[in-house]
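Below you can see the structure in the form of structure tokens.
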């Protein structure tokens, strides 16, 4: 796979997963159909728009191309019709969110590298674009963003981005590096929830 | 009217209407005078700044020119002195918000067309800049944005933007197209509130 | 001092002060270690990123250089280890926030002048970048931003920015102008809290 293909595939996966997660939150909060589509669309494209604004790539792909918003809103429609099935899975929002987090971490890092940022800047941009969708979703739902509440969240995105850059610098093929990095971030995130991994709290707090 | 005149007239109307709506929300929440001016200013210019950032027109007009912020803050002062009269109207925040929504939908669409975006991108940008002010106002007031809670909100902005682009492509004069599109969006929004129009909810939610 | 040195010194001070304030809020809200670092980092760099996006300086310094995020996150670590001491000071979040407010108001104004904005635009950008960090911190903590709740907040930043531009136009050396403007903003902010200064509220509210 070339880096463009990776970027596209992971962007599509992440947009769809985040869109579904936004739609499920909207359904739980009893929003109407349009509210569901709006929260799905906003959650799906927010990370990519943030990324594009920060590297100065305006207008962002989510406005220049039609597929990101269409896909994210489409994920809202899918959620409306498969809502009952999705809720049968244990913690569906967390799982979809973890998938979006991992894919966007790698896609954001690759975009930043393509834009000429140095490796640490690319890793940071990868993490920011990975958490951006969830932050917007949670803030629009008047919740404290889970990036703040949960121990291994931005950290999982950061780990994926670092491993991706590290694997590329070791000369691994981009496809393998990307797949491994996404898998690491997703597994790290899900395992931290399942096994209750936490970081130490501030002493005395 | 040329497209620049339309843009300016509707930007002025929208900034003032959104500014008033922000000020009324601030007064209801017992904010002090400066809080009222800040929420009025932020609500009045947020849509335009979002629009300018997304098409890469930096610094945004609201910082390059002085009138947008002065007008939006001025609307806060007007609200302070006419507050009692404004509140006598039934649902004044909703009415002002509807007017801002319609005018910004058309102004945002025209700005995007001037910047060279294709028609669907321009419609999207029109919708985003129309809802941007209200989203910021509601989030700064720690409320779930009404774009999420209310059925015909972003949809009304979307309808206005689509009709504007459609009318232009049919060769209608810009002034007539703009006036018609704004009227449609405003009437659609107000009627949906007055008559309780809703979209279907997700099955089972 | 040249304007670049001033900018750098005040950027460093403001980033650290805002970072500490974000970390203290996170500790009070019982966030875990990573949440503390994230809120410290976001609060520390948000004003600068907003400023850079608005003048079109992309990617923003906080992504291009490494020190802003490292410093802001480092302030989170400092807060974790000195938390008990910091809380012994009366109202530590307010004091640190006031220091960040004053330094960012001047640094933001200088950045805008360097970017060629006219004086009123530079003053506005100074105020926006000064309040940006606190707004993000409060919104991420699901609180109404204090820029809206408190009378002399954005006003203190505005006063500092105006005095800075005024002193420069009178030919004062940049270092003296900057130090005086920061001192004014910080003292104004702290005095307004200590002595309960308020602005008049809307009549009847």
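Residue numbers (my numbering), protein chains in the order written: chain A, -19 to 185; chain H, -19 to 185; chain G, -19 to 185. Just so it is clear, CB atoms sit at the ideal spot from N, CA and C, and this is done for glycine as well. Just so we're clear, the structure is a prediction, and the values are computed from it rather than from any experiment.
With contacts defined as CB atoms closer than 7 Å, residue 112/H and residue 26/H qualify as a contacting pair.
Membership of residue 90/G in the alpha helix (DSSP H) is indicated by the continuous run 72 to 94. A contact between stretches requires three or more CB pairs, one per stretch, nearer than 8 Å, and the region 138 to 149 of chain H fails this requirement with the region 51 to 69 of chain H. Closer than 8 Å at the C-beta level to chain A, one finds no residue of the region 76 to 97 of chain G.
The C-beta of residue 113/G comes no closer than 7 Å to any C-beta of chain H. In the three-state reduction of the DSSP assignment, residue 45/G falls in the coil class, being assigned neither a helical nor a strand state. Within a 10 Å sphere around the beta-carbon of residue 70/H sit fewer than 16 other beta-carbons, which makes this residue exposed.
By the 16-neighbour rule on beta-carbons within 10 angstroms, residue -18/H is exposed. In its chain, beyond the 5 residues on either side, no residue has a beta carbon closer than 7 Å to the beta carbon of residue 45/G.
Comparing alpha carbon positions, the residue from 104/H, 76/H, 37/H closest to residue 47/A is 104/H. In the same chain as residue 33/A, and ignoring 5 residues on each side of it, the C-beta atoms closer than 7 Å to its own belong to 40, in chain order. For residue 154/G, the uninterrupted alpha helix (DSSP H) run begins and ends at 154 to 174, by DSSP. Contacts between residue 121/H and chain G, judged by CB atoms closer than 9 Å, involve 124, 128 in chain order. With contacts defined by Cβ atoms closer than 7 Å, residue 125/G and residue 118/G form a contacting pair. At a beta-carbon threshold of 7 Å, the residues of chain A lying near residue 38/G are 34, 35, 36, ordered along the chain.
For residue 30/G, the enclosing alpha helix (DSSP H) stretches over residues 13 to 34.
Between the C-alpha atoms of residue 76/H and residue 110/A there is a straight-line separation of about 36 Å.
The beta carbon of residue 43/A falls within 7 Å of a beta carbon belonging to chain H, placing the residue at that interface.
With 16 or more neighbouring CB atoms inside 10 Å of its own CB, residue 63/G falls in the buried class. Listed in chain order, the non-local C-beta contacts of residue 148/H below 6 Å within the same chain comprise 157, local neighbours out to five positions each way being set aside. Relative to the Cα of residue 1/A, the nearest Cα in the group 30/A, 180/A, 22/A belongs to 22/A. Between residue 51/H and residue -5/H a beta carbon distance of about 5 Å is seen, short of the 8 Å cut, so the two are scored as contacting. Listed by position along chain G, the residues whose Cβ is nearer than 7 Å to that of residue 14/H are 131, 134, 135, 179.
Under the DSSP assignment, residue 97/H falls outside any alpha helix (DSSP H); it carries neither an H nor an E label.
Within chain G, no C-beta atom comes less than 7 Å from the C-beta of residue 66/A; the nearest is roughly 26 Å away. Put simply, the CB of residue 18/G is near chain A, with a gap under 7 Å to one of its CB atoms. Under the 7 Å criterion on CB atoms, residue 146/G is classed as non-interfacial with respect to chain H. Under the 10 Å beta carbon count, residue 96/G is surrounded by fewer than 16 other beta carbons and is classified as exposed. Residue state for residue 126/G is assigned as helix, using DSSP reduced to three classes. Taking every protein chain shown into account, the CB of residue 175/A has fewer than 16 other CB atoms within 10 angstroms, so this residue is exposed.
By the beta-carbon neighbour count (other beta carbons within 10 angstroms, threshold 16), residue -10/H is buried. Counting along the chain, the unbroken alpha helix (DSSP H) around residue 138/H starts and ends at 134 to 149. In the displayed model, residue 8/A falls within a helix according to three-state DSSP. C-alpha of residue 80/H to C-alpha of residue 161/G: approximately 37 Å in a straight line. Distance from the CA atom of residue 152/A to the CA atom of residue 146/A, rounded to whole angstroms, is 9 Å. Residues of chain H with a Cβ closer than 8 Å to the Cβ of residue 101/G are, in chain order, 39, 43, 44, 46.
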